[in-house]
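Protein chains in written order, with the working numbering: chain A, 663 to 792; chain B, 663 to 792. Cβ atoms here follow ideal geometry from the backbone N, Cα and C, with glycine treated the same way.
There are 2 protein chains.
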Amino acid sequence: MAGIGQAADQSGVSIETIRYYERSGLVPKPLRTAAGHRNYSGQDIGRLRFIKRCRDLGFPLTDAQSLLGLTDGSMTTCAEAKEIAESQRMAVQAKITQLQKIETALLRLTEQCSDSANSCPILLELLADE
Amino acid sequence: MAGIGQAADQSGVSIETIRYYERSGLVPKPLRTAAGHRNYSGQDIGRLRFIKRCRDLGFPLTDAQSLLGLTDGSMTTCAEAKEIAESQRMAVQAKITQLQKIETALLRLTEQCSDSANSCPILLELLADE
DNA sequence: CATGACACCTGTAGCCACTCCAGGTGCAAG
DNA sequence: CTTGCACCTGGAGTGGCTACAGGTGTCATG
């Protein structure tokens with residue numbers, strides 16, 4: 663059994679964030695020591711690590727919760743997990759596409775700027791009438 | 663002179679967002695009609711459009727404000743604008759790189775999953791001990 | 001037994017950039 | 001006179017934390 667500090671170290675989730683997850687009902691309330699300190703089991707820490715990995719993959723907390731709910735190991739869960747992961751992949755792809763457009767636009771702007779003309783082409787373009 | 667609805671239409675910034683920008687001091691308080699309705703000049707609308715373009719390029723509002731502050735047309739502003747734009751481009755690039763890593767990881771996970779084995783490889787990997 | 005350095009506790013507020021809502025006012029057309 | 005629209009204000013909610021302030025518990029050292 664571990665305190666919140668150890669749980670944080672072992673899961674990679676910060677102390678504040680663990681408490682936030684508890685507040686928002688994402689993880690169950692852990693046991694408490696006599697002094698009122700939170701006391702985490704190995705399973706609790708596993709759950710936190712699971713959520714951390716989901717977050718690292720960009721899943722929103724709601725998805726993390728859904729995926730966590732699928733870990734009972736029933737037959738249909740694989741299809742559901744795959745669906746969640748694929749839709750996340752789509753979302754990530756969409757974001758990448760969007761950011762690439764932005765990057766191209768920024769590159770063009772800054773390249774124009776290297777002319778170092780009197781009036782700044784970046785500002786001119788942002789100010790343009792249409 | 664235009665009401666807030668027209669200002670929104672012409673700038674692409676929503677009514678609520680315009681009011682939010684005003685609340686947060688990003689744009690100056692506009693004139694008011696006798697009835698207390700906000701009344702926007704062409705210049706006001708230009709400012710909103712400028713901010714909209716900055717946001718579309720992913721600049722945070724603080725950058726938008728800085729860029730807006732550079733539009734007096736003094737000589738040094740071009741270098742400053744370029745600096746802001748380049749650092750924004752870096753930030754966008756970093757985000758893209760990060761998202762591409764995530765996408766690769768998600769792709770690998772979902773591909774493994776097509777095996778449709780008994781235990782879901784996605785969940786297994788998220789649950790793994792390290 | 002006192003002291004100091006920690007780890008932990010609660011509750012609250014702040015971040016970003018909006019978005020939405022309830023409940024009210026002003027004004028013109030039918 | 002009523003209907004409908006555009007507008008008003010003030011406040012709360014979103015996601016996912018993060019950062020306090022001010023208190024308590026635990027342990028080693030002097």
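For residue i, count neighbouring Cβ atoms within 10 angstroms of its own Cβ and tell me buried if that reaches 16, exposed if not.
i, result
"S781(A)", "exposed"
"E765(B)", "buried"
"D718(A)", "exposed"
"R751(B)", "buried"
"K744(B)", "buried"
"P690(A)", "exposed"
"S673(A)", "buried"
"A670(A)", "buried"
"D734(A)", "exposed"
Can you check whether the CB of residue j is closer than 8 Å to the CB of residue i?
i, j, result
"C740(B)", "A726(B)", "no"
"I813(B)", "L710(B)", "Since the displayed chain B opens at 663 and closes at 792, residue 813(B) lies outside it and no answer follows."
"L789(A)", "G708(B)", "yes"
"I713(B)", "L688(B)", "yes"
"G720(A)", "V754(A)", "yes"
"Q762(B)", "I758(A)", "yes"
"E742(B)", "L730(B)", "no"
"R700(A)", "R694(A)", "yes"
"S702(B)", "P692(B)", "Per the sequence presented here, residue 702(B) reads as Tyr, with Ser not at that position. Contact: yes."
Taking C-beta pairs closer than 8 Å, name the residues in chain B that residue i reaches, listed in chain order.
i, result
"Q762(A)", "I758"
"A664(A)", "Chain B residues near A664(A): none, gap ~15 Å exceeds 8 Å."
If the cut is a Cβ gap below 9 Å, which residues of chain A does residue i touch?
i, result
"V754(B)", "L761, Q762, I764, E765 and L768"
"G708(B)", "L789 and D791"
Which whole-angstrom value describes the C-beta separation of residue i and residue j, a residue pair presumed to lie in contact below a C-beta threshold of 8 Å?
i, j, result
"L771(A)", "E787(A)", "6 Å"
List the residues of chain A that residue i touches, going by C-beta distances under 8 Å, in chain order.
i, result
"I680(B)", "Simply none; closest approach about 18 Å."
Since residue i meets chain A, which of its residues come closer than 7 Å, beta carbon to beta carbon?
i, result
"I784(B)", "A743, K744 and A747"
"R751(B)", "E765, L768, L769 and T772"
Starting from the beta carbon of residue i, find every residue of chain B whose beta carbon is closer than 7 Å, and list them in chain order.
i, result
"G720(A)", "I764"
Which chain B residues sit within Cβ distance under 9 Å of residue i?
i, result
"R717(A)", "What R717(A) touches in chain B: nothing, since even the nearest Cβ is about 11 Å away."
Practice problem: Quick one: which residues of the region 688-705 of chain A get their C-beta closer than 8 Å to a C-beta of chain B? List them in chain order. | Solution: Listed in sequence order: no entries.
Quiz item: Taking a cut of 7 Å between CB atoms, which residues from the region 723-737 of chain A lie near chain B?
Solution: Taking 7 Å as the Cβ-Cβ cut-off against chain B, the residues of the region 723-737 of chain A that qualify are L729, L732, T733 and G735.
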